[in-house]
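Counting with the numbering used here, you get residues 4 to 90 for the letters of the sequence shown.
Cβ coordinates follow ideal geometry from the N, Cα and C atoms, glycine included.
The structure displayed is predicted, hence computed values, not measured ones.
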Amino acid sequence: MEKILRTLEHLSYIIECASVDFMGEAKTELQRLCEDLENDSEYFFAEKEAVSAELRDALSKYKNHNYKAGTSKLASTNRKLWRLVIP
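Take a look at the structure:
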């Protein structure tokens, strides 16, 4: 559970950055979170590969300046993660 919460905390910061239009910071932190999910054992949980794929999709949307779609993907991933914590 702690590892999912660590991911949620990082994702919350990224969503906050996007909400105040700090897109450079949002993209940088999203890239970092994707790398952490893929490489850092502190971010290992059963669904991490699916979550990582969704976040990579959001990052791709951000890189293509499709911020609304990227933020929508972050929000839906955030909700999915919360359902793992609070069924």
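Taking Glu45 as the centre and dropping the five residues before and after it, the same chain places the C-beta of Lys6 and Arg9 closer than 7 Å to its C-beta, in chain order.
Within the model, the alpha-carbon separation for Asp39 versus Ala56 is close to 13 Å. Of Gly73, Ala61, Thr74 and Lys51, the smallest CA-CA separation from Leu87 is found for Lys51. For Cys20, the closest C-alpha among the options Thr80, Pro90 and Thr74 is that of Thr74.
Collapsing the DSSP output to three states places Ile89 in coil. Of the residues assessed, Ile17 falls on the buried side of the cut-off, its CB having 16 or more other CB atoms within 10 angstroms.
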